[in-house]
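In the numbering used here, the protein residues as written are 522 to 773.
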């Protein structure tokens with residue numbers, strides 16, 4: 522039954538009927554699944570991916586845009602204010618909904634950067650040693666490691682101030698979108714710099730290795746030693762030789 526899906530995202534009556542007709546023709550039966558968040562609200566959730574995969578490409582595109590229309594309208598990054606307006610149609614199929622409760626952590630500081638988040642409703646606090654920002658409808662977070670090569674992990678924790686509806690964009694999708702919309706990562710990077718400045722957070726403080734100069738200096742110091750250079754030459758000679766040296770030969 523896809524009624525939960527259609528009602529949950531508030532699709533227009535016309536689009537609802539088109540989806541129902543298409544699914545009826547394809548004889549799709551969608552199994553309902555539940556999770557803690559939806560059970561707390563007293564209803565189940567359908568398997569959205571099964572419904573979307575069963576639709577024709579054009580209908581799927583329309584449904585994807587319609588279901589996340591609120592966050593698209595609210596976000597300058599998605600509504601054509603900062604990036605070309607056709608980014609909405611391109612990004613919509615990659616977005617997946619996430620509902621979280623008050624006090625629930627969305628991100629933990631120093632965790633791998635796998636996705637970024639858009640706020641449709643509610644409020645999310647970004648925390649480093651203390652709260653550095655409160656993000657509301659139309660804002661996004663989790664983007665910094667996606668646009669700065671030297672930032673490998675999430676620099677902030679993100680905690681819901683209240684019940685929130687978010688949309689999740691995987692890192693791989695962001696990178697794919699950046700190929701078609703090259704202005705996207707540049708704009709996100711520029712906004713991120715301004716955001717960090719307002720927070721009083723230096724980019725060097727959240728970088729894994731600054732600009733990489735520490736690692737370069739370490740290697741330079743290491744290979745400044747004659748013994749290390751001699752050992753490296755021996756290893757290279759052994760790799761280029763078809764026969765193993767006695768020291769590296771397997772014992773009989």
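Every residue, glycine too, gets a C-beta built ideally from N, C-alpha and C.
Checklist entry - In or out: residue 535 buried (at least 16 other Cβ within 10 Å) or exposed? => result Residue 535 sits at position 14 when you count from the first residue of the chain shown. Result: exposed.
Checklist entry - Can you tell me whether DSSP reads residue 679 as helix, strand or coil? => result Locating residue 679 in the chain shown gives position 158, counting from the first residue. Looking at residue 679 - three-state DSSP - the assignment turns out to be strand.
Item to check | Residues that DSSP places opposite residue 637 in a beta bridge | outcome: On the chain shown, position 116 is the one that residue 637 refers to. Residue 637 is bridged to 690.
Checklist entry - Is it a yes or a no for the stretch 648 to 656 touching the stretch 605 to 623, going by three-plus beta-carbon pairs under 8 Å? => result no
Checklist entry - Using the beta-carbon count (16 or more within 10 Å), is residue 579 buried or exposed? => result Translated into positions along the chain shown, residue 579 becomes position 58. Residue 579 is exposed by the Cβ-count criterion.
Checklist entry - Does the distance from the C-beta atom of residue 667 to that of residue 634 stay below 8 Å? => result For the purposes of this step, residue 667 is identified with residue 146 of the chain shown, where counting begins at 1. For the purposes of this step, residue 634 is identified with residue 113 of the chain shown, where counting begins at 1. Yes, they are a contact pair.
Next on the checklist: Tell me the residue span of the beta strand (DSSP E) that contains residue 620.
Outcome noted: Taking the first residue of the chain shown as 1, we reach residue 620 at position 99. That run of the beta strand (DSSP E) goes 617 to 621.
Item to check | Local conformation of residue 701 per DSSP, three classes | outcome: The residue labelled residue 701 in the question sits at position 180 within the chain shown. It is helical.
Item to check | Start-to-end residues for the alpha helix (DSSP H) that takes in residue 580 | outcome: Residue 580 sits at position 59 when you count from the first residue of the chain shown. First-last of the alpha helix (DSSP H) with residue 580: 578 to 588.
Next on the checklist: If distances are taken between C-alpha atoms only, which option among 630, 677, 722 and 640 comes closest to residue 590?
Outcome noted: In the chain shown, residue 590 corresponds to position 69, counting from 1. When only C-alpha atoms are compared, the closest one is 640.
Item to check | C-alpha distance - residue 687 paired with residue 616, whole-angstrom precision | outcome: The residue given as residue 687 occupies position 166 in the chain shown. The residue given as residue 616 occupies position 95 in the chain shown. Distance between the alpha carbons of residue 687 and residue 616: 10 Å.
Checklist entry - How about the stretch 618 to 632 and the stretch 594 to 606: do they share at least three Cβ pairs that are nearer than 8 Å? => result no
Next on the checklist: On a Cα-Cα basis, can you pick out the residue from 714, 594 and 697 that is closest to residue 636?
Outcome noted: Within the chain shown, numbered from 1, the residue matching residue 636 stands at position 115. Taking only the C-alpha atoms, the option nearest residue 636 is 697.
Checklist entry - Pick from 669, 593 and 705: whose alpha carbon is nearest that of residue 613? => result As a first step, residue 613 is located in the chain shown; it is residue number 92 there, counting from the start. Closest by alpha carbon: 593.
Next on the checklist: Can you list, in chain order, the residues of its chain with a C-beta nearer than 6 Å to that of residue 597? Leave out the 5 residues immediately preceding and following it.
Outcome noted: Locating residue 597 in the chain shown gives position 76, where the first residue counts as 1. So the qualifying residues of the chain are 603.
Next on the checklist: Tell me which residue opens and which closes the beta strand (DSSP E) that residue 647 is part of.
Outcome noted: What you label residue 647 is simply residue 126 of the chain shown in a count that begins at 1. Segment 645 to 648, the beta strand (DSSP E) holding residue 647.
Next on the checklist: Taking the beta carbon of residue 660 as the centre, do at least 16 other beta carbons fall within 10 Å, making it buried, or is it exposed?
Outcome noted: For the purposes of this step, residue 660 is taken as residue 139 along the chain shown, with counting starting at 1. That one is buried.
Checklist entry - Would you report the Cα separation of residue 705 and residue 673, rounded to the nearest angstrom? => result Within the chain shown, the letter at position 184 stands for residue 705. Within the chain shown, the letter at position 152 stands for residue 673. If I take the Cα positions, the gap works out to 20 Å.
Next on the checklist: Distance check for residue 642 and residue 682, CA to CA, integer angstroms please.
Outcome noted: Against the chain shown, residue 682 aligns to sequence position 161. Against the chain shown, residue 642 aligns to sequence position 121. So the two alpha carbons sit approximately 11 Å from each other.
Checklist entry - Using the rule of at least 16 other Cβ atoms within 10 Å of the residue's Cβ for burial, across every protein chain shown, is residue 588 buried or exposed? => result Taking the chain shown and counting its residues from 1, one reaches residue 588 at position 67. By the 10 Å Cβ count, residue 588 comes out buried.
Next on the checklist: Quick check on the burial criterion: 16 or more other C-beta atoms within 10 angstroms. Buried or exposed for residue 537?
Outcome noted: Residue mapping note: residue 537 aligns to position 16 of the chain shown, counting from 1. Result: buried.
Item to check | Proximal residues to residue 648 (C-beta, below 7 Å), its chain only, five neighbours per side dropped | outcome: Residue mapping note: residue 648 aligns to position 127 of the chain shown, counting from 1. Excluding residues within five positions, the ones whose Cβ falls inside 7 Å are 677, 678 and 680.
Checklist entry - Is it true that the CB of residue 709 sits closer than 8 Å to the CB of residue 664? => result Your numbering for residue 664 matches position 143 in the chain shown. Your numbering for residue 709 matches position 188 in the chain shown. Against a cut-off of 8 Å, the Cβ pair of residue 709 and residue 664 comes out as a contact.
Item to check | Residue closest to residue 692, alpha-carbon to alpha-carbon, out of 715, 718, 624 and 662 | outcome: Mapped onto the chain shown, residue 692 falls at position 171. The shortest Cα separation from residue 692 among 715, 718, 624 and 662 belongs to 662.
Checklist entry - Is residue 711 buried or exposed, if buried means 16 or more other CB atoms sit within 10 Å of its CB? => result Taking the chain shown and counting its residues from 1, one reaches residue 711 at position 190. Residue 711 comes out exposed.
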